[in-house]
Ligand code: BYC
């Protein structure tokens, strides 16, 4: 349905458990990684490296596409024509990022159709943050400013990683995200320096988005299942806690300088440079990433509707020789 002609059959759990990589090839591969070389699609790679990359890039692609939804609902309601035009362009960019990332994941052998099916069936995850509602225009400014900033911290680090197609996609995405961040910051400042009602609205949005943003970088390093392997193979270039810390370092001051506060009395930077914060309720994080957040059902319903109602476009593209049934003009 999506083209590409890739052949991929999901390995069974038994196949995975039985798989052993050739030790000589594995050693050569790891030496390449240690030398900082890029791995390309035609190169030999360990089974687990391929599997982890598919998981991570696919989740990232889904996050971009699902991430277009909360902001997308505000296009018609954005305040003024200028903000509407900017938001249309931004939402379009996010979907384009999904396109780039699906293409990068396809180089590893999983078809786009299989990825979309796994999203729609709930098998694949996507970023926690897009399962929260964008209730007011201030939420859109928080997404554009702080979620995009958080994404940039993650993506700039990982664009220096080992898998060529993912790194190149991330580099391109980061250029666009930098514009998104600037527009989000600009819209955030406009509210934070506006009337009392506008300031209250932006404070309320920060109060609601603080926890999901802390969750965005994933569980603590101690609880992270995949970090060790991914960092060894330079897919992840910084740990979850380090990325979260870098984000807090860069962006907490930018919020506080506008007189907006965070709903956590324990948020502070220690002398060792590490940020401390209250327990952000990791049970809530687990519920949200496993399908039981405030907006999971709604987001999936919208995605399923789009998939179904646009099926005819994909069918038409897959069959260019179909004679036209209507005159062209
Ligand atoms: N949300 O072992 P861990 C954007 C899962 S969109 C959901 O630490 P890992 C934008 C994790 O998958 C860009 N699930 O995982 C778009 C794993 O579950 P599975 C969003 C999460 O992979 C529109 C389990 O928890 N960015 O910028 O080593 C508008 C254990 O975690 C999350 C990306 O997608 C989460 N937040 O590290 C505006 C970046 N965190 O798979 C903006 C790509 C963890 O075993 N992803 N989980 O079932 C990554 O870099 C990494 O996956 C993470 C987690 C750092 C997020």
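In the working numbering, the protein residues as written are 1 to 329. Glycine included, each C-beta is placed from N, C-alpha and C at the ideal position.
- In terms of CA proximity to residue 136, 77 leads the group 109, 77, 69 and 238.
- The beta carbon of residue 237 lies closer than 6 Å to those of 157, 158, 160 and 161 in the same chain, with the five residues before and after it left out.
- Looking only at 99, 275, 87 and 198, the smallest Cα-Cα distance to residue 184 is reached by 87.
- Residue 128 sits away from residue 291, with the two beta carbons spaced by 9 Å or more.
- For residue 247 against residue 149, the beta-carbon gap comes to about 7 Å, under 8 Å, which counts as contact.
- The three-state secondary structure of residue 275, taken from DSSP, is strand.
- Counting other Cβ atoms within 10 Å of its Cβ, residue 92 stays below 16 and is therefore classed as exposed.
- About 13 Å separates the CB atoms of residue 241 and residue 272; that is not less than 8 Å, and the two are not in contact.
- When C-alpha distances from residue 254 are compared across 98, 182 and 164, the shortest belongs to 182.
- Not one heavy atom of ligand 1 lies closer than 8 Å to the C-beta of residue 118.
- A distance below 9 Å separates the beta carbons of residue 120 and residue 303.
- Following the DSSP letters along the chain, one finds residue 35 in no alpha helix (DSSP H), marked with neither H nor E.
- Selection 104, 12, 260 and 216 evaluated against residue 196 yields 260 as nearest (Cα-Cα).
- Between residue 258 and residue 209, the C-beta gap is not smaller than 9 Å, which leaves the two residues out of contact.
- Listed in chain order, the alpha helix (DSSP H) runs fully inside the segment 62 to 148 are 81 to 106, 112 to 120 and 137 to 142, counting runs of at least 4 residues.
- Shortest gap from the CB of residue 180 to any heavy atom of ligand 1: under 8 Å.
- For the pair residue 198 and residue 134, the CB atoms are not nearer than the 9 Å cut-off.
- In the three-state reduction of the DSSP assignment, residue 232 falls in the helix class, which pools H, G and I.
- Between the segment 104 to 124 and the segment 269 to 283 there are fewer than three inter-stretch CB-CB distances shorter than 8 Å, so the stretches are not counted as touching.
- A distance criterion of 8 Å places the beta-carbon of residue 236 in contact range of ligand 1, judged by its closest non-hydrogen atom.
- Following the DSSP letters along the chain, one finds residue 42 in no alpha helix (DSSP H), marked with neither H nor E.
- Distances taken from the Cβ of residue 68 to the heavy atoms of ligand 1 include one shorter than 8 Å.
- Taking the Cα of residue 51 as reference, the smallest distance to any Cα among 319, 81 and 108 is reached at 108.
- Sixteen is the threshold: when 16 or more other Cβ atoms of the shown chains lie within 10 Å of the Cβ of residue 144, as they do, the residue is buried.
- A distance of 9 Å or more separates the beta carbons of residue 41 and residue 218.
- DSSP places residue 253 in the uninterrupted alpha helix (DSSP H) bounded by 240 to 256.
- Per DSSP, reduced to three states, the secondary structure at residue 268 is strand.
- Taking C-beta atoms as the reference points, residue 56 and residue 215 fail to come closer than 9 Å.
- A heavy atom of ligand 1 is found nearer than 8 Å to the CB of residue 148.
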